[in-house]
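Inspection log for the structure reproduced underneath, given as structure tokens.
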Amino acid sequence: LIIILIIILIIFGAGKLPEIGSGIGKGIKNFKKATHETPEGIESPKEENDTAEDKT
Numbered sequence: 003l004i005i006i007l008i009i010i011l012i013i014f015g016a017g018k019l020p021e022i023g024s025g026i027g028k029g030i031k032n033f034k035k036a037t038h039e040t041p042e043g044i045e046s047p048k049e050e051n052d053t054a055e056d057k058t
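Shown next, in the form of structure tokens:
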């Protein structure tokens with residue numbers, strides 16, 4: 003993990019690290035928010051009826 007951080011520091015420089023960290027943090031926050039919200043168009047799956055016809 004430390005090696006990865008050193009490589010990132012070398013590639014992007016010390017000035018860019020806070021900006022990159024902030025961007026990653028916002029992305030993770032938005033991803034978590036999106037996964038916990040249910041879009042209006044998507045309904046939860048309904049249980050299948052036992053009387054449904056066999057489609058095979």
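Heads up: the sequence shown begins at 3 in the working numbering, then just goes up one per residue.
All C-beta atoms, glycine included, are put in the ideal place defined by N, C-alpha and C.
Verify the contact flag: residue i, CB atom, against every heavy atom of the ligand PLP, threshold strictly below 8 Å.
{"i": "P20", "result": "Absence of the ligand PLP from the depicted structure is noted, as is the absence of any ligand whatsoever, leaving it without description."}
By Cβ distance below 7 Å, which residues in the same chain neighbour residue i in space, the five residues on each side in sequence not counted?
{"i": "P22", "result": "The sequence as given places Ile at residue 22; Pro does not occur at that position. Result list for I22: F14, in chain order."}
Is residue i near residue j, with beta carbons less than 9 Å apart?
{"i": "L11", "j": "L3", "result": "no"}
Got a sec? Which residues, its chain only, sit under 6 Å from residue i by beta carbon, not counting five neighbours each side?
{"i": "N32", "result": "none"}
{"i": "S24", "result": "none"}
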